[in-house]
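Participant:
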Amino acid sequence: MTRHGSFDRLGAATPASPVVVSVPHGGRDYPAAMLPLLALPPGALRPLEDRHIDTLARAAWGGETVLIERTARAWIDLNRAEQERDPAIDAGADPRRQGAPSVKLRSGLGLVPRRVGGRDLWRGRLQARDVEARIASVHRPYHAALAEALAAARARFGVAVLLDLHSMPPLGPPESVARVVFGDRFGRTSAARFVATLEAVADAAGLAHALNTPYAGGHILDRHGAPPRGIHAVQVELDRRLYLDPPLDAPGPGFAAAAQLVRAMVTALADEALGSLATAAE
């Protein structure tokens, strides 16, 4: 593992697999500069975390390149575009450059989240230079490293597959809802065979799954998924009950099985990517 600014990178400099894993929402580091700006105690920000998804990714690691953001999503959200700045709290937001605000931005979940649990997160408006510093120090370096990792994987293997790993609050009773949701931006960011590969892994584990509903993926898929250039990107959302304890706070009894599930997904994606190249070469 190597530390790069606000994120960790697992894997050798030369990619060992065509699969690259991104973990953007598992961070639990709350910068000291954040605390006096908050209208809520830091513990109230936990619902914004994909709680311990970073711990799960580390447990599932098998040598492929993995990027894990350490900074909390409440500071800046890597799955939002730089332009998704909220004029309600961000003095540097320019609605003329943003176009129509997204549903996420209108609900308070823009580049810098504004609300959590129905409550305002910040005491007041944020200075433009402060938000721009967050972009420069956290957002841009992560995306640059992810683009570099995907380009290296494609250069070595002829194809790269991004697995953007997240977790979600339970959608309902476990016997009647999807426990895993895959997103490919409605077919725009991945060839169908990679989604089908992931669905087969979920089926083998006996887990109900859904595609693009209620989560289709966000900025990370839009920015990095480019099937015509040989880079495919799929978001995976895991029900937190699969790997956390009943309060959904710490790793629970299902943690080992969930790590095996993620490991199986990465392995299956790599096999599909390499197998499709071998077939094309015959």
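Just so you know, the sequence shown maps onto residues 14 to 295 in our numbering.
Note that the Cβ used here is the ideal one computed from N, Cα and C, for glycine as well.
Treat the numbers as computed from the prediction; the structure is a model and nothing was measured.
Please give me, in chain order, every unbroken run of the beta strand (DSSP E) with length at least 3 that falls completely inside the region 230 to 269.
Facilitator: Those beta strand (DSSP E) runs which fall completely within the region 230 to 269 and span 3+ residues are 244 to 252.
Participant: So, is R142 buried or exposed, given that buried needs 16 or more other C-beta atoms within 10 angstroms?
Facilitator: Answer is exposed; the Cβ neighbour count stays below 16.
Participant: Would the region 179 to 195 and the region 96 to 110 be scored as touching if the rule is three or more Cβ pairs under 8 Å?
Facilitator: Segments in contact, no.
Participant: Output needed for L220: all residues of its chain with C-beta closer than 6 Å, excluding positions within five of it in sequence on either side, in chain order.
Facilitator: For L220, where only same-chain residues beyond five positions count, the Cβ hits under 6 Å are R192 and V193.
Participant: Should the region 207 to 221 be called in touch with the region 162 to 170, which here means at least 3 C-beta pairs below 8 Å?
Facilitator: Too few Cβ pairs lie closer than 8 Å, so no.
Participant: Whole beta strand (DSSP E) runs in the region 183 to 226 with 3 or more residues, listed along the chain?
Facilitator: List check, beta strand (DSSP E) in window: 193 to 196 and 222 to 224.
Participant: In angstroms with no decimal places, state the Cα-to-Cα distance between R16 and L23.
Facilitator: Going from the Cα of R16 to the Cα of L23 covers about 9 Å.
Participant: Identify whether E295 lies in helix, strand or coil by the three-state DSSP scheme.
Facilitator: With a pLDDT of 45 at E295, under the threshold of 50, the modelled position of this residue cannot be trusted, and the question is left open.
Participant: On a CA-only basis, which of K117, T78, L175 and G137 is nearest A52? Give me that one, please.
Facilitator: Per the Cα distances, G137.
Participant: At 4 residues or longer, what runs of the alpha helix (DSSP H) sit wholly inside the region 50 to 110?
Facilitator: Counting only runs of 4 or more, we get 66 to 73.
Participant: Sort V214, A239 and W135 by Cα distance to L50 and report the nearest one.
Facilitator: Among V214, A239 and W135, the Cα nearest to that of L50 belongs to W135.
Participant: Suppose the cutoff is 7 Å on Cβ atoms and the five residues either side in sequence are ignored; what does the same chain contact list for A29 look like?
Facilitator: Answer for A29: G76 and E77, listed in chain order.
Participant: Look at the Cβ atom of I148, then the Cβ atom of E97, and state whether they are nearer than 8 Å.
Facilitator: Cβ distance not < 8 Å, so I148 and E97 don't count as in contact.
Participant: Beta strand (DSSP E) containing R119: first to last residue?
Facilitator: Looking at the DSSP string, R119 is not in any beta strand (DSSP E); the run it does join, the alpha helix (DSSP H), is V116 to R119.
Participant: Is M278 helix, strand or coil when you go by DSSP?
Facilitator: In this structure, M278 counts as helix in the three-state DSSP scheme.
Participant: Rounded to the nearest angstrom, what separates R128 and T226 at their Cα positions?
Facilitator: Cα to Cα, the separation comes out at about 23 Å.
Participant: Is there contact here, the region 229 to 240 with the region 84 to 95, by at least three beta-carbon pairs under 8 Å?
Facilitator: The answer is yes - the region 84 to 95 touches the region 229 to 240, with three or more Cβ pairs under 8 Å.
Participant: Go ahead and label V214 buried or exposed: buried means 16 or more other beta carbons lie within 10 angstroms of its beta carbon, across all protein chains shown.
Facilitator: Per the 10 Å Cβ criterion, buried.
Participant: Just how far apart, CA to CA, sit I81 and E188?
Facilitator: Near 31 Å, if we compare the C-alpha coordinates of E188 and I81.
Participant: Taking E212 as the reference, which of R169, L159, D90 and V275 has the closest Cα?
Facilitator: The option with the nearest alpha carbon to E212 is V275.
Participant: Can you look up V174 in the DSSP assignment and give me helix, strand or coil?
Facilitator: Looking at V174 - three-state DSSP - the assignment turns out to be strand.
Participant: So which of M14, P31 and A157 has the shortest CA-CA distance to A25?
Facilitator: Answer by Cα proximity: M14.
Participant: Closer than 8 Å by C-beta to L159: which residues in its own chain qualify, once you throw out the five before and the five after it? Chain order, please.
Facilitator: Taken in chain order, the residues that qualify are V33, S35, L80, L175, I233 and H237.
Participant: Quick one: what does DSSP say S150 is sitting in, helix, strand or coil?
Facilitator: Correct three-state label for S150: helix.
Participant: Measure the C-alpha to C-alpha separation of E295 and T202 and round it to an integer number of angstroms.
Facilitator: Residue confidence for E295 is low, a pLDDT of 45 falling below 50, so the modelled location carries little weight; the figure read from the coordinates is stated next. So the two alpha carbons sit approximately 26 Å from each other.
Participant: Suppose you measure from the CA of A217 to the CA of D21; what does that come to, to the nearest Å?
Facilitator: Answer to the nearest angstrom: the Cα atoms are 31 Å apart.
Participant: Which of the three DSSP states, helix, strand or coil, is assigned to R169?
Facilitator: Helix, per DSSP.
Participant: In whole angstroms, give me the CA-to-CA distance for S19 and H152.
Facilitator: Spanning the two alpha carbons is a distance of roughly 9 Å.
Participant: Opposite D42 in the DSSP bridges: which residues?
Facilitator: According to DSSP, D42 bridges with T84.
Participant: Where DSSP assigns a beta bridge to R22, which residues make up the other side?
Facilitator: Paired residues: T15 and L80.
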